[in-house]
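*Asks:*
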Amino acid sequence: MRVRYVLNEVLVGLWRNVTMTIAMIITITVSLGMLGASVLMYLQVDRMKDFYYGEIEVSVFLADNVEDAQVQALKQQIDANPLVKSATYESKEDALKRFQVLYADTPDFVSAVNADSLPQSFRVKLKNPEDYDKFNEEFKGATGVQRIIDQKELLEKVFNIFNSVQLMSLVFAIVMAAAAVLLVGNTIQVAAYSKRREVAVMKLVGASNWFVQAPFVLEAVVAGAIGAILGFVGLFIGKVVLLDNKLQALTAILTPVPNGNVWLMLPLLVGVGALLSAATAWITLRFYLKV
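Sequential numbering of the sequence shown, starting at 1, is according to the UniProt record's numbering.
The structure is reproduced here in structure tokens:
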């Protein structure tokens, strides 16, 4: 009977303040959706780092006047180096072919470049990308070497941008979570005030604090859970509609977002939404309403 009474009071309370309940759910949905997006981005940046750092190459560009004997000597030196996992020689003609593929969308630009405009190079993969400085120290002064470029430096600039976007989305989620906390607390206060006479009578007849507070706390938990589910639905739809379809070419570059990571957000968001709402309601009742 008590459980039925509590559940009935939860439904009545949610319906009695339906406009504030809807506002609370929408705020929770937005804040938890942003939280889920920031967590997904954090996981995705880590996946991208693992993938792209494993594909990092060090480009050893050769001088224009380098001789064939110097190229062969440099190749033997690179292949024998213990830091090197593999190395591929790229002639001027090979460099031109790769250039034509990379800039196929700009034919005027491609037609203005010939093989003599591009340097010979070695594309080197290191066993450990962190050893670039050691490799650079050994080969930067080698005969025939013009310059050495590490792709990791370029990738780190890109990842710094992603990290900044991730941080901004997390800050926005925290701000929205604070707004949700205030709205949950205000909604609970209004609900408790509208039932102040019933609460007073229940206390007079010996009802425990838990029994009095339970309907209000569960109202907040239900609203938080609904907001979390809606936030997850928004994330999943965004992933399917945008990343898997309209922005599919972008995900091919940034590595695809696995469905498993998206589904992982459901229990995370529901747990955070329910616990945050329950804690806010309990604190509000305990320290402000003195139920």
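Backbone N, C-alpha and C fix where the C-beta goes; we use that ideal spot for every residue, glycine too.
Short of 8 angstroms in beta carbon distance, which residues of its chain neighbour Phe159, apart from the five on each side in sequence? Order them along the chain.
*Replies:* Locating residue 159 in the sequence shown gives position 159, counting from the first residue. Answer for Phe159: Val45, Met48, Lys49, listed in chain order.
*Asks:* Are Val217 and Ala281 close, meaning C-beta to C-beta below 8 angstroms?
*Replies:* Position 217 of the sequence shown, counted from the start, is the residue given in the question as residue 217. Position 281 of the sequence shown, counted from the start, is the residue given in the question as residue 281. Result yes, Cβ atoms of Val217 and Ala281 sit closer than 8 angstroms.
*Asks:* Whole angstroms are fine: how far does the CA of Leu126 sit from the CA of Thr187?
*Replies:* As a position in the sequence shown, residue 187 is number 187, starting the count at 1. As a position in the sequence shown, residue 126 is number 126, starting the count at 1. Roughly 59 angstroms between the two C-alpha positions.
*Asks:* With DSSP collapsed to three states, give me the class of Asp22.
*Replies:* As a position in the sequence shown, residue 22 is number 22, starting the count at 1. The sequence as given places Ile at residue 22; Asp does not occur at that position. Helix, per DSSP.
*Asks:* List the endpoints of the continuous beta strand (DSSP E) containing Lys85.
*Replies:* As a first step, residue 85 must be located in the sequence shown, where it is residue number 85. Element bounds for Lys85: 84 to 90.
*Asks:* Label Leu62 either buried or exposed according to how many other C-beta atoms from any shown protein chain fall within 10 Å of its C-beta, with 16 as the threshold for buried.
*Replies:* Your numbering for residue 62 matches position 62 in the sequence shown. Leu62 is buried by the Cβ-count criterion.
*Asks:* Rounded to the nearest angstrom, how far is the Cβ of Leu35 from that of Leu269, given a contact under 8 angstroms?
*Replies:* On the sequence shown, position 35 is the one that residue 35 refers to. On the sequence shown, position 269 is the one that residue 269 refers to. The Cβ separation is near 7 angstroms, so the contact holds.
*Asks:* Using the rule of at least 16 other Cβ atoms within 10 Å of the residue's Cβ for burial, across every protein chain shown, is Gly271 buried or exposed?
*Replies:* The count along the sequence shown starts at 1 and reaches residue 271 at position 271. Exposed: under 16 other Cβ atoms inside 10 Å.
*Asks:* Beta-carbon within less than 7 angstroms of Glu57's beta-carbon, same chain only, minus the 5 sequence neighbours each way: which residues are those?
*Replies:* Translated into the one-based positions of the sequence shown, residue 57 becomes position 57. Here the set comprises Arg123, Val124, Lys125, Gln151.
*Asks:* Hey, is the segment 160 to 173 in contact with the segment 19 to 35, meaning 3+ C-beta pairs nearer than 8 angstroms?
*Replies:* Verdict: yes, contact present.
*Asks:* Contact defined as beta carbons within less than 8 angstroms: I believe Val84 pairs with Ile78. What is the distance between those atoms, to the nearest angstrom?
*Replies:* Mapped onto the sequence shown, residue 84 falls at position 84. Mapped onto the sequence shown, residue 78 falls at position 78. So it is a contact: roughly 6 angstroms between Cβ atoms.
*Asks:* Return helix, strand or coil for Val291, following the three-state DSSP convention.
*Replies:* In the sequence shown, residue 291 corresponds to position 291, counting from 1. Only weak support is given to the placement of Val291: the predicted model assigns it a pLDDT of 45, under 50, and the value that follows is read from those uncertain coordinates. In the structure shown, Val291 sits in coil (DSSP, three-state: anything other than H, G, I, E or B).
*Asks:* Given this structure, state the Cα-to-Cα distance separating Lys157 from Pro215, to the nearest angstrom.
*Replies:* Sequence index remark: in the sequence shown, residue 157 carries index 157 (1-based). Sequence index remark: in the sequence shown, residue 215 carries index 215 (1-based). Looking at the two C-alpha atoms, the distance is approximately 51 angstroms.
*Asks:* For Asn114, which residues in the same chain have their Cβ closer than 8 angstroms to its Cβ, ignoring the five residues on either side in sequence?
*Replies:* Your numbering for residue 114 matches position 114 in the sequence shown. The residues are Leu96.
*Asks:* Sort Ala80, Ser277, Thr19, Leu167 by Cα distance to Ala179 and report the nearest one.
*Replies:* By one-based count along the sequence shown, residue 179 stands at place 179. Looking at the Cα atoms, Ser277 is the closest of the given residues.
*Asks:* Rank Phe99, Val222, Lys239, Val39 by C-alpha distance to the C-alpha of Leu275 and give the top, closest one.
*Replies:* On the sequence shown, position 275 is the one that residue 275 refers to. Of the listed residues, the one whose Cα sits closest to Leu275 is Val222.
*Asks:* Taking only three categories from DSSP, how would you classify Asp46?
*Replies:* Numbered from 1 along the sequence shown, position 46 holds the residue referred to as residue 46. Correct three-state label for Asp46: helix.
*Asks:* Label Ala37 either buried or exposed according to how many other C-beta atoms from any shown protein chain fall within 10 Å of its C-beta, with 16 as the threshold for buried.
*Replies:* Here residue 37 refers to the residue found at position 37 of the sequence shown. It counts as buried.
*Asks:* In angstroms with no decimal places, state the Cα-to-Cα distance between Gly227 and Val165.
*Replies:* By 1-based counting over the sequence shown, the position of residue 227 is 227. By 1-based counting over the sequence shown, the position of residue 165 is 165. When rounded, the distance between both Cα atoms is 24 angstroms.
*Asks:* Rank Gly238, Val145, Val181 by C-alpha distance to the C-alpha of Ala73 and give the top, closest one.
*Replies:* Taking the sequence shown and counting its residues from 1, one reaches residue 73 at position 73. For the residues Gly238, Val145, Val181, the minimum Cα distance to Ala73 belongs to Val145.
*Asks:* Enumerate in chain order the residues of its own chain whose CB-to-CB distance from Asn136 is below 6 angstroms, with the five nearest sequence positions on each side excluded.
*Replies:* For the purposes of this step, residue 136 is taken as residue 136 along the sequence shown, with counting starting at 1. Excluding sequence neighbours, Asn136 sits near Ile148.
*Asks:* Report the three-state DSSP secondary structure of Asp64 (helix, strand or coil).
*Replies:* The residue you call residue 64 lines up with position 64 of the sequence shown. Asp64 falls in the coil class under three-state DSSP.
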